[in-house]
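Per the working numbering, the sequence shown starts with residue 4, numbered consecutively.
Shown next, in structure tokens, is the structure this report addresses.
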Amino acid sequence: MLMELYRKSHRFVKQNNLAYKRYFIKQNNFEHRLTILIGARGIGKTTTIAQYMYSNHVGDEALYVSLDDITNAQFTMFEIAEAFELGGGKLLCFDEIHKYSHWSAELKSIYDTFPKLKIIASGSSALEIHKGTHDLSRRALVYTMVGMSFREFLEMHYGYAFETYSLEEILQEHKSIADTVVDALEINKHKVVALFRDYLKFGYYPYYLSLANETMFFHTLRQNINVSIEADLLNIYPTLNGKSIKKIKLLLAIIMENVPFMPTISSLKSAIDVSDDRTLKEYLAKLDNAGLIKLLMKSSLCMKHLDKPEKIYLANTNLMYITEPDIGNVRETFFMNQLSNYYMQKNDVVSKGIYGSKVGDFFVEEKYTFEIGGKNKSFKQIKNITNSYVAADDIEVGHGNKIPIWLFGMMY
């Protein structure tokens, strides 16, 4: 058994150990005995595992096993772990765990039975490890990995190296930070606004560079959307069926045509033929969990599966370019995406998050109000609001409380 698994594992590491290392592997050393890495399809979870294996373990000390590989189906997770540990293995990595029906129970058994074995498991962002009888929340550290920031795009595509900045640093020092970035780009005759346009279209997913052209990229993106709904959600939520999956796909199609979408619950229920508010809200929460949309809630007191969102956005701007998006909607989606990802990486999405605003577009950390717009966007709507800012597109460097919107892509 192990010989064939080792052969596939070695090939996996060789093929996926890419040179560029994203923020996640730079910030995390996976010291805990059981780490679960979740995130949307295509954002680099598998590559991160390969890079960690290559950098930290030699020979047969580490083993990668894809639970989506049909040739591995003859063995249980526990059987693989038992044979690996007996052979002196130290790091066992399971990928696509949501494809394995009893993954939670077996991870618990592996964790409890083999105290010297380190385990990394990865799966869909829709995984809910805190539910069920085999509670892993007291055993596992769970990390959510997100797609690339604008900063990472500049590094991966063009070889630059820029620091990350906190929201407070950007608000207080945005002019000097922007000057530093713009000057570095101009040495190579790059313009930040033009590169930002590329990022909005195809820069969120690392796999863009492995494909021949934009046509292949958007074809792959459509495929990943379908797999996320038709396969991943069905594996994770056994109560769903073909009929409900069809309704969830229809719901996403409606959102894609209207983002940012200010939902009317009654009209949405009618459009996808569901009779109660709770079912609709659960469908929205599942799309959010799958990394396909982002729900902008009214405040930190709201729960996504119970309360009505203020607005609904696609999860990132690349998804918007499957159709012909409005640039104003793209700007809002970018800001929503980068800020929510920023707080997710800080593990502080509740007390310090991004919410709807009564006067502006967004209310951040329950103290900052933001309006999003083009270079001529004024402060008229928020002029009497304390701690208010305009995030403006089509400018390289800002002034006062007007900040280039691309700078909010330098936060992770």
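No residue lacks a Cβ here, since even glycine has one placed at the ideal position from N, Cα and C.
Does the beta-carbon distance from Gln384 to Glu374 come in below 7 Å? For the purposes of this step, residue 384 is taken as the residue at position 381 of the sequence shown. For the purposes of this step, residue 374 is taken as the residue at position 371 of the sequence shown. Contact: yes.
Can you tell me whether Asn387 is buried or exposed? The criterion is at least 16 other CB atoms within 10 Å of its CB, across all chains shown. By one-based count along the sequence shown, residue 387 stands at place 384. With fewer than 16 Cβ atoms within 10 Å of its Cβ, Asn387 is classed as exposed.
How many Å lie between Thr218 and Gly92 at the Cα? Here the question's residue 218 lines up with position 215 in the sequence shown. Here the question's residue 92 lines up with position 89 in the sequence shown. Straight-line Cα distance between these residues: approximately 43 Å.
For Gly206, collect the residues of the same chain with a Cβ closer than 8 Å to its Cβ; drop the 5 residues on either side in sequence, then sort them by chain order. Sequence index remark: in the sequence shown, residue 206 carries index 203 (1-based). Within the same chain, Gly206 has close Cβ partners Met151, Phe153, Phe156, His160, Asn321.
Three or more C-beta pairs closer than 8 Å, one from the region 248 to 255 and one from the region 196 to 204: is that the case here? no
Residues of its chain near Ile359, where Cβ-Cβ distance is below 6 Å and the 5 sequence neighbours each way are ignored: As a position in the sequence shown, residue 359 is number 356, starting the count at 1. According to the sequence as given, residue 359 is Gly; it is not Ile. Excluding residues within five positions, the ones whose Cβ falls inside 6 Å are Leu299, Lys301, Glu313.
Can you check which of these residues, Gln341, Met414, Phe337, Met323, is closest to Gly376 by C-alpha distance? In the sequence shown, the residue the question calls residue 376 occupies position 373. Selected option, being the one with the closest Cα: Phe337.
Please state the DSSP three-state secondary structure of Val196. Counting from 1 along the sequence shown, the entry for residue 196 is found at position 193. If DSSP states are grouped into helix, strand and coil, Val196 belongs with the helices.
Cβ-based neighbour list, Val277, same chain, cut-off 7 Å, excluding 5 preceding and 5 following: What you label residue 277 is simply residue 274 of the sequence shown in a count that begins at 1. Lys250, Leu283, listed in sequence order.
Let me check understanding here. Comparing Cα to Cα, which of Pro407, Met413, His13, Ala22 lies closest to Ser213? Within the sequence shown, the letter at position 210 stands for residue 213. Taking only the C-alpha atoms, the option nearest Ser213 is Ala22.
Spatially closest choice to Ile132 from Gly245, Ile123, Ile122, Val145, by CA coordinates: Mapped onto the sequence shown, residue 132 falls at position 129. Considering only alpha carbons, the answer is Val145.
Given this structure, state the Cα-to-Cα distance separating Ile408 from Glu399, to the nearest angstrom. Position 405 of the sequence shown, counted from the first residue, corresponds to residue 408. Position 396 of the sequence shown, counted from the first residue, corresponds to residue 399. The alpha-carbon atoms of Ile408 and Glu399 are separated by roughly 9 Å.
In three-state DSSP terms, what is Asp98? Start at 1 with the first residue of the sequence shown, and residue 98 comes out as number 95. Three-state DSSP puts Asp98 in a strand.
Does the region 283 to 294 come within contact of the region 328 to 343, defined as at least 3 CB pairs closer than 8 Å? no
Buried versus exposed call for Ala256 [16 or more other C-beta atoms within 10 Å across all chains shown]: Residue mapping note: residue 256 aligns to position 253 of the sequence shown, counting from 1. Result: exposed.
Taking Cβ to Cβ, would you say Thr38 is nearer than 7 Å to Asn19? As a working mapping, residue 38 is identified with position 35 in the sequence shown. As a working mapping, residue 19 is identified with position 16 in the sequence shown. No, the Cβ-Cβ distance between Thr38 and Asn19 is not below 7 Å.
I believe Thr147 touches Met347 by the beta-carbon criterion, under 8 Å. Please report the beta-carbon distance rounded to the nearest angstrom. On the sequence shown, residue 147 is found 144 positions in, with the first residue counted as 1. On the sequence shown, residue 347 is found 344 positions in, with the first residue counted as 1. Their Cβ separation, rounded to whole angstroms, is 6 Å, which keeps Thr147 and Met347 in contact under 8 Å.
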